[in-house]
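**Q** Protein chains in written order, with this note's numbering: chain A, 1 to 291; chain B, 1 to 672.
In this text, a Cβ means the ideal position worked out from N, Cα and C, and glycines have one as well.
In this text the structure is predicted, and so the values were computed from the model without any measurement.
Can you read through this structure? Questions will come right after.
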């Protein structure tokens, strides 16, 4: 007896929001819709095997991202999963090389900020085990690509709101279930301060890492994942000087909650494409190495 | 080095263990041929809109999506079907079947479950270690050749404590999601469950044995066949249930028509087949009831049983195979035998019909067979009416279920007026403001046979049509006439001040009918104030308090919110708090005043511990899905859901609350 699956896949790319999914499908030429679910590939499967598929989570958040990975694994059992989409970048005081909208983050370590206990007006963080992005994928595929921007930059079709040349950053990221969009928020400042080495913030990486961690109890299955994030907006540490109105034209940085949202709206498509372009190139290199 | 795989010898010994267990299992004889009816969802399943197949389809379906759930009445041969599947698979080297006998779970399991790590694999491991056959653990399952399909058969979901069923489903679902060569088949009673990944679950029920087939099995017993042909078709239905056809075939009696009911059939089993005298059955019954009372699980302490039934009777039951014993823990070979004995004890004294006892014999409203058999045995109309009324007070769906089962079994002593009242009150819930309540009412009514009054009420499209159906009954019973006059009051009518006093009286039928009528007719401000003021005078009367807050739910105002919040926050009684929670949500949704609605949800946020009480949080999750909601509903509810989510450490629980938020968003955020 054999459990039926929708197919087998070597690599799965996971998007969260619509713009991310569109970017992956368009730039990756994923035109074939797999039967039964919202999965796409470049062509019909051969012997029910797909080299690359892309999928989308039902909505934001770590839990749903984890569920999407769980579904992907149940349906396709991919060996590699790449989370590709947008995230916030963190600007800190005296940052010599501040991240900017449109840049791409390759995540090497995921902090999870949401598990906490509120006690005597203090916030004590708690810890929960999860996987971090694969060393193999980062070290052997993402890092080498960093120094060859010509191989992926040209794939981006969207125009940035202001001219930019995206660069790639290997960095820590902090994942939570709260959209950090209010510079005035004490909680947001606490998170930025608490995770002092993080350069990015998102709401799904932990869910993916946790699900991969949970899946890794079968000695026959060793899934690996990578997190690629295009920067769509910036959040500022409390001690940073807000950019001037003039400067904001250059880096998009403004401090109010509305302005943060405005920046995200303006950069969302470009950042999603930047992440997709990089992730697709990594995926194609990986696929080539498997042949 | 390749991963560890368990040896062929070990695999063989595990299969031998299961094989031995299945050899010792008694299959109904002759080996009946069964059919399954598959449905895309619970609505179709309950309405009988199914696609019939042979039982072979189970494995085909499980191979497709990894999950199947067999939902059918007690005695429908669910266990027989899945045990047959397991037996067949023993010959198949590509599959490893594991049976989890859920009814064997005892109190220590439930205790250990609560202290086991909040993670599905730990929970699943506990389940395997306590109830699997062959006895395996998760490490063994994971070490089996990855090409071998692990089929988990969880038998008897309805035989575990209420509240655990969904947890077991979630745990098994998580395992199947993460173990690619695995599948699960669950057996359950006809009950709607919240299924995670609902599109991946294949639902089916067992079709009754067709009359032509039953006749074929009876052909070697001419007198039984004669009996079968003589009784009206409705009474013959019972023998479409394999458990009872099996009992009928084995019975030493063959000409009596009286055991064509569930309880009579079981009486025949104990009295004629096991040769127990009535007094012995009475003592066995008291013991069966007592062990439920001591510990509401299917397994029980043999010492407790013997202390009531005595050694001799217990030995008789053990020798006949009715009770199986393992390490001083006993279990009846079929839960209907245990339930019958408990009902035999219960039906004899009204004093036993307390909420506490009803909780115990139904495993906290998880399994209602004992109630339908109690009802069947009540031969005096007045007693049957009193019993069904008691059930209505305890759990409205239980009264509907007991009536439905009694309809199916062919003997119903409850008076026609009382049946009409109970069914009509259940039917009114179809239009309940809270969607889950409406759904449960529809499910309960769907259990009745074709062309019955309850099924006709399902067709009613509005209250006026229901009123017309009710008015069609012309029973010459003064109480019924009074009830009809009250029940059929339309939206524009008014209940006189004197009649409103019924709300505070002990008559549950009139009291609850009035509570519902007052919600749908028009009360003026003075009357609402008067009813609200009754709270203080009835602060220790659980039922009256519940009815009052129930009425106030339809009249959102600052004063009513304050009064109902006071009940929710300060009253220690379970049901008034439950009613208050629902009414607060109803007021928040009905009122077009955002400030008022915010004050309610703000209060939930300010004293979250009041909402986090076990059971109330789940009711909150159900009650927030209302028929009509204001455009800001999602924004109001979401922070409370987030708050509850943050208090949960169990991953399945977190998923449950996230999913609730997700469903809220899909259902209500579009209105923005």
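May I ask you to report which of helix, strand or coil DSSP gives residue 291 of chain A?
**A** Mapped onto the first chain, residue 291 of chain A falls at position 291. Residue state, collapsed to three classes: coil.
**Q** Considering residue 682 of chain B, what are the terminal residues of the alpha helix (DSSP H) in which it resides?
**A** Look at the range of chain B in this structure, 1 to 672, and you will see that residue 682 of chain B is not part of it.
**Q** Using beta-carbon positions only, say whether residue 136 of chain A and residue 83 of chain A come within less than 8 Å of one another.
**A** Position 136 of the first chain, counted from the first residue, corresponds to residue 136 of chain A. Position 83 of the first chain, counted from the first residue, corresponds to residue 83 of chain A. Cβ distance not < 8 Å, so residue 136 of chain A and residue 83 of chain A don't count as in contact.
**Q** Can you tell me the Cα-Cα spacing of residue 147 of chain B and residue 178 of chain B, whole angstroms?
**A** Taking the second chain and counting its residues from 1, the one referred to as residue 147 of chain B is at position 147. Taking the second chain and counting its residues from 1, the one referred to as residue 178 of chain B is at position 178. Using only the alpha carbons, I get a separation of about 15 Å.
**Q** CA-CA distance, residue 543 of chain B and residue 348 of chain B?
**A** Here residue 543 of chain B refers to the residue found at position 543 of the second chain. Here residue 348 of chain B refers to the residue found at position 348 of the second chain. Taking the straight line joining both Cα atoms gives about 26 Å.
**Q** Let me check one thing: in DSSP terms, what residues is residue 169 of chain A bridge-paired to?
**A** Position 169 of the first chain, counted from the start, is the residue given in the question as residue 169 of chain A. For residue 169 of chain A, which the question treats as bridged, DSSP gives the partners A:105.
**Q** CB-CB under 6 Å to residue 160 of chain A, same chain, minus the five flanking residues each way: which ones, in chain order?
**A** Taking the first residue of the first chain as 1, we reach residue 160 of chain A at position 160. The residues are 102 and 270.
**Q** Count the other CB atoms, across all protein chains shown, that sit within 10 Å of the CB of residue 180 of chain B; report buried if there are 16 or more and exposed otherwise.
**A** Locating residue 180 of chain B in the second chain gives position 180, counting from the first residue. When all chains shown are included, residue 180 of chain B counts as buried.
**Q** Who are the Cβ neighbours of residue 707 of chain B in its own chain at under 8 Å, not counting the five residues just before and after it?
**A** As displayed, chain B neither begins before 1 nor continues past 672, which places residue 707 of chain B out of reach and without an answer.
**Q** What would DSSP say about residue 504 of chain B, mapped onto helix, strand or coil?
**A** What you label residue 504 of chain B is simply residue 504 of the second chain in a count that begins at 1. Residue 504 of chain B falls in the helix class under three-state DSSP.
**Q** Pull up the distance between the alpha-carbon of residue 606 of chain B and that of residue 399 of chain B, whole angstroms please.
**A** Reading the second chain from its first residue, position 606 is the one you call residue 606 of chain B. Reading the second chain from its first residue, position 399 is the one you call residue 399 of chain B. The straight-line gap from Cα to Cα measures roughly 38 Å.
**Q** Taking residue 17 of chain A as the reference, which of A:2, A:43 and A:59 has the closest Cα?
**A** Indexing the first chain from 1 puts residue 17 of chain A at position 17. Residue A:59 is the option with its Cα nearest to residue 17 of chain A.
**Q** Using 8 Å as the threshold, is the C-beta distance between residue 23 of chain A and residue 55 of chain A below it?
**A** The residue you call residue 23 of chain A lines up with position 23 of the first chain. The residue you call residue 55 of chain A lines up with position 55 of the first chain. Result no, Cβ atoms of residue 23 of chain A and residue 55 of chain A do not sit closer than 8 Å.
**Q** Could you check which residue in B:253, B:295, B:294 and B:290 has the C-alpha nearest to that of residue 275 of chain B?
**A** As a first step, residue 275 of chain B must be located in the second chain, where it is residue number 275. With distances taken between Cα atoms, residue 275 of chain B lies closest to B:253.
**Q** Can you list, in chain order, the residues of its chain with a C-beta nearer than 6 Å to that of residue 246 of chain B? Leave out the 5 residues immediately preceding and following it.
**A** In the second chain, the residue the question calls residue 246 of chain B occupies position 246. Within the same chain, residue 246 of chain B has close Cβ partners 28.
**Q** Using the beta-carbon of each residue, which ones in chain A are nearer than 9 Å to residue 64 of chain B?
**A** Counting from 1 along the second chain, the entry for residue 64 of chain B is found at position 64. Neighbours of residue 64 of chain B on chain A, chain order: 3 and 4.
**Q** How long is the line joining the alpha carbons of residue 404 of chain B and residue 439 of chain B, rounded to whole angstroms?
**A** In the second chain, the residue the question calls residue 404 of chain B occupies position 404. In the second chain, the residue the question calls residue 439 of chain B occupies position 439. One C-alpha to the other measures close to 17 Å.
**Q** Contact check, residue 118 of chain B vs residue 650 of chain B under 8 Å by CB: the rounded distance?
**A** Walking along the second chain from the start, residue 118 of chain B turns up at place 118. Walking along the second chain from the start, residue 650 of chain B turns up at place 650. Residue 118 of chain B to residue 650 of chain B, Cβ: 4 Å. Contact.
**Q** Please compile the residues from chain A whose C-beta is within a distance smaller than 9 Å of the C-beta of residue 183 of chain B.
**A** In the second chain, the residue the question calls residue 183 of chain B occupies position 183. The answer, in chain order, is 1 and 3.
**Q** Do you know how far the Cα of residue 357 of chain B is from the Cα of residue 248 of chain B?
**A** Walking along the second chain from the start, residue 248 of chain B turns up at place 248. Walking along the second chain from the start, residue 357 of chain B turns up at place 357. Cα to Cα, the separation comes out at about 31 Å.
**Q** Listed in chain order, which residues of the region 90-104 of chain B have Cβ atoms closer than 9 Å to some Cβ of chain A?
**A** So the close ones are 92, 94 and 95.
**Q** By alpha-carbon positions, which one of A:173, A:222 and A:98 ends up nearest to residue 303 of chain A?
**A** For chain A, the structure presents residues 1 to 291; residue 303 of chain A sits outside this window and is missing.
**Q** Can you list, in chain order, the residues of its chain with a C-beta nearer than 6 Å to that of residue 9 of chain B? Leave out the 5 residues immediately preceding and following it.
**A** Here the question's residue 9 of chain B lines up with position 9 in the second chain. Around residue 9 of chain B: no qualifying Cβ.
**Q** At the level of alpha carbons, what is the spacing between residue 127 of chain A and residue 20 of chain B?
**A** For this step, residue 127 of chain A is matched to residue 127 along the first chain. For this step, residue 20 of chain B is matched to residue 20 along the second chain. Those two C-alpha atoms are separated by around 46 Å.
**Q** Go to residue 224 of chain A, then tell me how far its beta strand (DSSP E) extends in each direction, as first and last residue.
**A** Taking the first residue of the first chain as 1, we reach residue 224 of chain A at position 224. From DSSP, the beta strand (DSSP E) with residue 224 of chain A extends over 224-236.
**Q** Just curious, the alpha helix (DSSP H) that residue 416 of chain B is in, first and last residue?
**A** Reading the second chain from its first residue, position 416 is the one you call residue 416 of chain B. Segment 416-428, the alpha helix (DSSP H) holding residue 416 of chain B.
**Q** Can the beta-carbon of residue 77 of chain B be found closer than 8 Å to that of residue 206 of chain B?
**A** Mapped onto the second chain, residue 77 of chain B falls at position 77. Mapped onto the second chain, residue 206 of chain B falls at position 206. It is a contact, given that the beta carbons lie within the stated cut-off.
**Q** Counting only the same chain and skipping the five closest in sequence on each side, list residues whose C-beta sits under 6 Å from that of residue 608 of chain B.
**A** For the purposes of this step, residue 608 of chain B is identified with residue 608 of the second chain, where counting begins at 1. Excluding residues within five positions, the ones whose Cβ falls inside 6 Å are 643.
**Q** Rounded to whole angstroms, what's the CA-CA distance from residue 98 of chain B to residue 334 of chain B? Just pull it up for me.
**A** Against the second chain, residue 98 of chain B aligns to sequence position 98. Against the second chain, residue 334 of chain B aligns to sequence position 334. Straight-line Cα distance between these residues: approximately 20 Å.
**Q** For the region 541-593 of chain B, list the alpha helix (DSSP H) runs that are entirely contained and at least 4 residues long, ordered along the chain.
**A** For the region 541-593 of chain B, whole alpha helix (DSSP H) runs of length 4 or above, ordered along the chain, are 542-552, 558-570 and 574-590.
**Q** Kindly list the residues whose CB is nearer than 7 Å to the CB of residue 384 of chain B, restricted to its own chain and excluding five residues on each side of it in sequence; keep chain order.
**A** Within the second chain, residue 384 of chain B is the residue found at index 384, counting from 1. So the list reads 375, 378, 413 and 414, once near-sequence residues are dropped.
**Q** Could you say if the region 444-456 of chain B and the region 423-430 of chain B meet the contact criterion of at least three C-beta pairs nearer than 8 Å?
**A** Touching, per the Cβ criterion.
**Q** Where do the N-terminal and C-terminal ends of the beta strand (DSSP E) with residue 75 of chain A fall, by residue?
**A** Locating residue 75 of chain A in the first chain gives position 75, counting from the first residue. Element bounds for residue 75 of chain A: not the beta strand (DSSP E) but the alpha helix (DSSP H), 62-76.
**Q** Using the Cβ count rule (16 or more neighbours within 10 Å means buried), how would you classify residue 509 of chain B?
**A** Counting from one through the second chain, the residue named residue 509 of chain B turns up at place 509. Buried: at least 16 other Cβ atoms inside 10 Å.
**Q** Straight-line CA distance for residue 621 of chain B to residue 222 of chain B?
**A** In the second chain, residue 621 of chain B corresponds to position 621, counting from 1. In the second chain, residue 222 of chain B corresponds to position 222, counting from 1. The alpha-carbon atoms of residue 621 of chain B and residue 222 of chain B are separated by roughly 56 Å.
**Q** Residue 215 of chain A versus chain B: which residues are under 8 Å apart at the beta carbon?
**A** Counting from one through the first chain, the residue named residue 215 of chain A turns up at place 215. Those within 8 Å of residue 215 of chain A in chain B are 178.
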